[in-house]
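Each protein sequence line maps, in turn, to chains A and B.
Going left to right, the first sequence walks through residues 1 to 560 as the UniProt record's numbering numbers them.
Going left to right, the second sequence walks through residues 1 to 560 as the UniProt record's numbering numbers them.
A virtual CB, placed ideally from N, CA and C, is assigned to each residue, including glycine.
Only a predicted model underlies this, so the values are computations on that prediction, with no experimental measurement involved.
There are 2 protein chains.
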Amino acid sequence: MSATRMQMLSSRSVRLLSRGRNEMLAGRSGAQRPGGDPRTRSLTCPPLSSSSSPGRALSSLSATRRGLPKEKMSENGIMSRAKVLTIDTMNPTVKKVEYAVRGPIVQRAVELERELSEGMKKPFAEVIRANIGDAHAMGQQPITFFRQVLALCSYPELLSDSTFPEDTKSRACRILQSCGGNSMGSYSASQGIDSVRQDVASYIVRRDGGVPCDPNNIYLTTGASDGIMTMLKLLVCGEGTTRTGVMIPIPQYPLYSAALAELGAVQINYFLNEEKCWSLDITELQRAVNEARQHCNPRALCIINPGNPTGQVQSRQCIEDVIRFAAKERLFLMADEVYQDNVYAEGCQFHSFKKVLFEMEPEYAETVELASFHSTSKCYMGECGFRGGYMEIINMDDEVKDQLTKLLSVRLCPPVPGQALMDLVVNPPQPGEPSYDTFIKERTATLSALAEKAKLTEQVLNTVQGISCNPVQGAMYSFPRITIPEKAIKEATEKGQQPDMFYCMKMLEETGICLVPGSGFGQKDGTYHFRMTILPPTDKLKILLNKVKEFHQRFIQQYS
Amino acid sequence: MSATRMQMLSSRSVRLLSRGRNEMLAGRSGAQRPGGDPRTRSLTCPPLSSSSSPGRALSSLSATRRGLPKEKMSENGIMSRAKVLTIDTMNPTVKKVEYAVRGPIVQRAVELERELSEGMKKPFAEVIRANIGDAHAMGQQPITFFRQVLALCSYPELLSDSTFPEDTKSRACRILQSCGGNSMGSYSASQGIDSVRQDVASYIVRRDGGVPCDPNNIYLTTGASDGIMTMLKLLVCGEGTTRTGVMIPIPQYPLYSAALAELGAVQINYFLNEEKCWSLDITELQRAVNEARQHCNPRALCIINPGNPTGQVQSRQCIEDVIRFAAKERLFLMADEVYQDNVYAEGCQFHSFKKVLFEMEPEYAETVELASFHSTSKCYMGECGFRGGYMEIINMDDEVKDQLTKLLSVRLCPPVPGQALMDLVVNPPQPGEPSYDTFIKERTATLSALAEKAKLTEQVLNTVQGISCNPVQGAMYSFPRITIPEKAIKEATEKGQQPDMFYCMKMLEETGICLVPGSGFGQKDGTYHFRMTILPPTDKLKILLNKVKEFHQRFIQQYS
């Protein structure tokens with residue numbers, strides 16, 4: 001909490017805060033902990049020759065001045081030397097990057113939390129962070145088996161502890177034996193630990209009912225975001241009208257727009273059909289690519305299934321149609337499937353793009369290039385902090401694969417604890433193993449709670465006049481459409497705010513509920529939405545939904 | 001090991017290998033583990049409408065064909081459809097990236113390990129990986145305290161285990177209390193966990209003898225590489241002669257050249273003075289920047305201290321001169337200080353750029369922009385796999401800091417276990433705490449062993465005619481200069497190899513020792529070097545050094 005707090009403060013207040021802390025730290029360190037490693041302190045160092053002018057004596061003045069506020073310093077003109085790196089001289093593509101999930105509304109939420117903690121009076125007792133899919137932060141408990149194995153891998157002396165089940169120990173040993181020096185502290189291969197990639201491959205084979213999977217096509221990543229970013233990086237080239245264009249759904253998860261902005265690629269929007277439960281229409285894909293071909297070179301098509309923020313689950317037929325479209329239009333397919341276990345709606349089922357592709361005619365199965373992404377952060381485990389993930393690459397050119405491996409090698413390897421966790425996710429306890437029953441109990445409890453909360457959210461929101469919410473078939477979010485009266489739109493525009501940002505900010509100030517406005521994900525012009533996670537515990541979620549309901553009714557009254 | 005093995009195989013052999021594994025996996029999954037989550041399996045899914053042409057029946061043919069080798073498929077022309085992503089149509093900047101530390105010589109080392117494991121006869125029993133600073137892989141043991149706390153954070157139920165010392169528990173609680181939901185599975189703030197950044201700040205204050213440090217200037221990173229890459233990303237702009245140029249030492253750690261290639265920035269080489277123990281001469285910096293100004297816009301100066309691969313430790317005077325130079329030439333300073341605890345030579349001492357800068361006159365202390373990088377991967381802990389690190393940003397423009405935080409937020413956060421580990425490194429057991437004595441014993445043992453091995457390496461290598469090795473004052477590598485006879489240079493040239501690559505490849509084939517040729521780090525034309533880590537256990541290192549000695553003598557004989 002307070003980490004975010006400090007980070008989000010305005011630069012001004014940050015400077016004020018920090019000066020105070022400086023003195024505190026300097027003081028504390030002076031008193032409690034005199035100076036660092038005694039070995040190095042005891043040494044003295046004859047200056048190595050350097051062919052520059054002889055060094056001057058230290059200005060004792062400077063040392064004392066360090067405490068003075070910068071404002072003071074600036075008066076004597078010292079601050080007047082221009083910075084090398086300014087907003088005007090920095091990388092322009094970075095400036096274009098936006099990421100609403102941690103945008104201004106979250107900064108305000110953090111300020112409100114601080115104000116509450118400082119005893120300031122508010123119309124609410126706590127801020128509820130319904131803006132990000134952070135399951136453990138919302139109170140979800142880790143899977144016992146996963147954490148036991150991670151503890152064993154971190155401190156192998158525990159392998160002799162009789163309280164740990166045998167299967168946690170055998171898993172830990174298998175992981176450690178794949179690590180250099182049997183330690184998670186060693187670098188792994190850049191592509192990821194061999195045995196983990198083999199387990200991922202076996203998992204995919206099981207998941208897809210026997211469709212083969214080659215461990216050499218598996219790349220472990222630092223969360224799914226890292227894999228998606230890396231694949232997009234490979235795809236970007238050309239200038240002007242030949243610049244790489246990438247098709248992304250609208251509404252989208254803003255990692256995509258952020259990555260494309262950073263890479264200077266062209267974002268090609270295709271709109272999901274809200275009237276048809278956020279379904280994907282091939283005619284819309286066709287419209288989008290046709291228009292894009294006039295100003296860029298469309299080379300990739302990104303799909304998020306189950307949908308984030310929209311929660312739809314694609315039918316097998318729809319996936320097959322998308323693959324045919326990608327083949328026809330010569331597009332590299334990127335399938336974001338991090339919510340593959342988060343399917344709740346009756347009659348819905350997760351179909352992987354890989355499985356559907358491999359079951360199609362060879363002219364597709366053998367040629368359509370596909371990257372599929374998974375993560376340890378979502379599903380029933382929600383282990384976001386470990387930054388584990390993998391991507392599977394299908395039909396990729398061998399020379400490009402070599403380039404991909406080379407590119408990954410510069411970063412050395414994904415975090416090994418995240419790789420270990422990914423291994424456990426794809427190779428959980430099996431029937432007959434001591435941890436099996438507990439694992440199934442924990443996983444089922446989490447997934448059925450999520451299914452219940454998905455239904456609950458849809459039902460309650462649809463009782464509110466001016467809010468309409470599609471079924472949350474999967475993933476972890478509702479993305480309801482909201483009516484915003486003309487008078488509110490006018491007031492927002494005067495404030496230079498998007499109407500749904502204005503709406504969400506007002507809700508935050510009045511209720512303490514932190515949502516993300518639809519404008520952060522993209523939406524059809526003239527429509528307004530917000531994204532709300534379904535992650536809070538059921539009792540808390542009920543309160544939250546009623547607060548949203550009451551707020552919306554007040555809001556409509558106020559602006560009608 | 002075998003992870004790297006598989007990854008490094010040639011595309012051809014990878015294809016062959018993988019086909020076999022496919023069938024194995026498909027078979028295994030069919031037999032042992034019938035399919036995945038029963039809940040989702042039990043559901044059936046009515047296709048969501050999609051406005052495309054009606055889907056065709058699956059070609060049962062395709063399913064059976066999946067087993068056939070691709071070569072077969074290609075005969076009927078199905079493979080003839082060109083790939084979307086090929087070596088010719090991929091991101092050209094990625095193609096320019098090179099990273100010798102995991103380059104062709106390592107790929108060959110991996111093949112040799114496989115050949116050995118398959119019983120093939122070699123003039124050596126094992127491959128010794130002296131190419132990368134991977135301490136645990138070389139048998140270095142983790143610090144007990146660090147791993148105990150990480151185990152507690154992974155599986156907090158252990159907090160009731162009486163065998164864990166009290167200070168490990170208090171540290172674990174402090175870390176967990178800073179995590180959302182008290183779980184390392186939650187996302188942290190993008191800048192890193194607040195309490196960890198405060199501990200990093202306190203550490204820096206102690207390290208630098210009371211010079212203040214603002215936690216708001218600390219950004220936790222995914223290893224130091226991530227921080228360096230991010231800072232360079234902010235700095236890159238302009239085109240043609242206004243394109244950002246970045247000064248890096250030659251020899252350098254190839255992350256820098258790789259990052260600059262990926263970002264399309266201009267690499268400005270300044271040469272370290274091998275005759276003066278790889279010291280940094282300001283006159284050489286001046287030459288490099290003057291020449292560079294004619295074709296690009298020099299904006300940043302990268303320093304690696306202690307040096308990688310060169311092992312020199314900069315004097316306080318030299319650092320002060322560098323800072324004056326950076327101020328005069330208006331360069332953003334990037335100080336790679338990941339080896340700050342790895343200082344061995346009598347009379348040498350680590351001085352941080354931050355400390356020296358803050359002790360200089362305000363015209364420098366208040367204006368020179370500096371980013372300093374540290375990591376959990378080196379020093380006495382060598383925890384590479386956790387990908388922990390931080391950067392401290394000094395005198396950075398506030399708007400740019402906001403942009404930096406925004407950019408980091410897209411990747412959500414650095415791995416939390418790595419953040420926790422960084423916290424322990426900067427806040428180790430204190431005198432009086434139960435873990436203190438063991439911690440000091442372990443740290444001292446590792447650092448004195450490294451000091452001994454640094455001396456040993458220098459001494460033995462300098463007994464060999466045709467090898468001259470500067471003192472390994474710090475870091476983890478020797479970078480000796482080697483004489484390569486004309487005849488060998490000729491043979492290498494005919495093979496299209498760099499002479500030192502030819503030399504290292506030959507050594508690998510004959511002795512099993514894996515080194516990195518100097519050409520992978522950069523060196524003065526006509527000079528040849530190799531980088532060798534000093535990490536193997538002393539007894540093993542002695543054998544290794546003697547093998548190098550014998551090889552070099554044979555090599556000289558053969559080519560004279």
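Pair within 8 Å by beta-carbon distance, residue i and residue j
i, j, result
"Ile303/A", "Asp336/A", "yes"
"Ile132/A", "Val101/A", "yes"
"Val149/B", "Thr168/B", "yes"
"Glu329/A", "Val289/A", "yes"
"Pro536/A", "Ala189/A", "no"
"Pro417/A", "Met184/A", "yes"
"Thr376/B", "Val425/B", "yes"
"Pro249/A", "Tyr270/A", "yes"
"Val236/B", "Asn91/A", "yes"
"Thr86/B", "Val548/A", "no"
"Ile513/A", "Asp500/A", "no"
"Asp134/B", "Gly180/A", "yes"
Where the alpha helix (DSSP H) through residue i begins and ends
i, result
"Arg287/A", "Ile282 to Ala292"
"His552/B", "Thr538 to Tyr559"
"Pro362/A", "Pro362 to Ala365"
"Gln403/B", "Asp398 to Val410"
"Met422/A", "Val416 to Val426"
"Gln107/A", "Pro104 to Ser117"
"Met501/A", "Pro499 to Thr511"
"Pro92/A", "Pro92 to Lys96"
"Ser154/B", "Thr144 to Ser154"
"Ser279/A", "Counting along the chain, Ser279/A falls outside any alpha helix (DSSP H), and DSSP gives it neither H nor E."
Neighbouring residues, chain A, relative to residue i (Cβ below 7 Å)
i, result
"Asp134/B", "Gly180, Ser186 and Tyr187"
"Gly139/B", "Gly181"
"Val400/B", "Leu85, Thr86, Ile87 and Met90"
"Pro97/B", "Note that residue 97/B is Val in the sequence shown here, rather than Pro. By Cβ distance, chain A contributes Lys406, Leu407 and Val410."
"Thr221/B", "What Thr221/B touches in chain A: nothing, since even the nearest Cβ is about 11 Å away."
Chain-ordered chain A contacts of residue i [CB-CB under 8 Å]
i, result
"Asn91/B", "Lys233, Leu234, Leu235, Val236 and Cys237"
"Pro142/B", "Ser183 and Gly185"
"Ala258/B", "Val410"
Anticipated Cβ contact below 8 Å, residue i with residue j, distance rounded
i, j, result
"Leu515/B", "Val84/A", "Wrong, their Cβ atoms sit about 38 Å apart, outside the cutoff."
"Tyr253/A", "Pro309/A", "7 Å"
"Tyr380/A", "Thr446/A", "4 Å"
N-terminal and C-terminal residue of the beta strand (DSSP E) that residue i is part of
i, result
"Tyr219/B", "Ile218 to Thr222"
"Thr533/B", "Phe530 to Thr533"
"Val460/A", "Taken as a continuous stretch (DSSP letters only), Val460/A belongs to no beta strand (DSSP E), being part of the alpha helix (DSSP H) at Tyr436 to Asn462."
Interface residues of chain B facing residue i [CB-CB closer than 8 Å]
i, result
"Gly518/A", "Within 8 Å Cβ-Cβ: nothing; Gly518/A doesn't reach chain B, min ~19 Å."
"Gly331/A", "The sequence shown places Leu at residue 331/A, not Gly. Neighbours of Leu331/A on chain B, chain order: Val84."
"Met396/A", "Lys83 and Leu85"
"Ser162/A", "Those within 8 Å of Ser162/A in chain B number zero; the least Cβ separation is about 12 Å."
Contacts that residue i makes with chain B (C-beta to C-beta distance below 9 Å)
i, result
"Phe271/A", "Neighbours of Phe271/A on chain B: none; closest Cβ ~13 Å, over 9 Å."
"Ser435/A", "Simply none; closest approach about 13 Å."
Contact list for residue i against chain A, beta-carbon separation under 9 Å
i, result
"residue 561/B", "Examination of residue 561/B is not possible in this model, given that chain B is present from 1 through 560 alone."
"Lys328/B", "Within 9 Å Cβ-Cβ: nothing; Lys328/B doesn't reach chain A, min ~11 Å."
Contact test: residue i Cβ vs the ligand HEM heavy atom, cutoff 7 Å
i, result
"Gln465/A", "Ligands displayed in this structure: none; no statement on the ligand HEM is therefore possible."
Contacts that residue i makes with chain B (C-beta to C-beta distance below 7 Å)
i, result
"Cys504/A", "Within 7 Å Cβ-Cβ: nothing; Cys504/A doesn't reach chain B, min ~18 Å."
"Leu255/A", "Val410"
Problem - Residues, ordered as in the chain, of the segment 404-421 of chain B that lie near chain A by beta-carbon distance below 8 Å - result: Answer in chain order: Thr405, Lys406, Leu407, Ser409, Val410, Arg411, Leu412, Cys413, Pro414, Pro415, Val416, Pro417 and Gly418.
Handout entry: Proximal residues, the segment 145-160 of chain B versus chain A, C-beta separation under 7 Å
Key = For chain A, the residues of the segment 145-160 of chain B that bring a beta carbon within less than 7 Å of one of its beta carbons are Arg147, Gln148, Leu150, Ala151, Ser154, Tyr155 and Leu158, in chain order.
Handout entry: Residues of the segment 355-389 of chain A whose Cβ lies closer than 7 Å to any Cβ of chain B, in chain order
Key = Answer set for the segment 355-389 of chain A: Phe358, Glu359, Met360, Glu361, Pro362, Glu363, Ala365, Glu366, Thr367, Glu369, Gly382, Glu383, Cys384, Gly385, Phe386 and Arg387.
Handout entry: Against chain B: residues of the segment 457-480 of chain A by CB proximity under 8 Å
Key = For chain B, none of the residues of the segment 457-480 of chain A brings a beta carbon within less than 8 Å of one of its beta carbons.
Handout entry: Contact residues within the segment 100-124 of chain A, judged by C-beta distance below 7 Å to chain B
Key = Those would be Arg102, in chain order.
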